[in-house]
Amino acid sequence: MVHQHQVEAARRRVAAIEGFYVHLAAYLGVMLILTALNASAGDGWWVQWVWFGWGIGVVAHAIAVYASKPQFLVNWERRKFREIVRR
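Going by the working numbering, the letters in the sequence shown line up with residues -19 to 67, in that order.
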């Protein structure tokens, strides 16, 4: 039997994955346009700095969504949850 908290956790997980894919799609779309603009301007390459800077944000987002949490953080979340529920 699936409990309500499992359903809510699954919904949050799906929303986090969807948010990452939206972020990645926006990054790729905007970077494609900026690269084309930079190539047509011919004033040197500045777009690589945008690729790099925003790319760090995309990688950080991927790590936040797909990497597992350290056990100490999982334990802390459980303790805090119980503490708040007991109030």
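All C-beta atoms in this analysis are idealised placements derived from N, C-alpha and C, irrespective of residue type, glycine included. Bear in mind the structure is a predicted one, so any value in this text is a computation, not a measurement.
Taking F0 and V45 to be in contact with their CB atoms under 8 Å, please state how far apart those CB atoms are, rounded to whole angstroms. 5 Å
Would you say the segment 21 to 37 touches the segment -13 to 1, given that touching needs at least three Cβ pairs under 8 Å? no
Starting from G37, trace the alpha helix (DSSP H) both ways and give me its first and last residue. V27 to Y46
From which residue to which residue does the alpha helix (DSSP H) around R59 run? Q51 to R66
Measure the C-alpha to C-alpha separation of W56 and Y7 and round it to an integer number of angstroms. 34 Å
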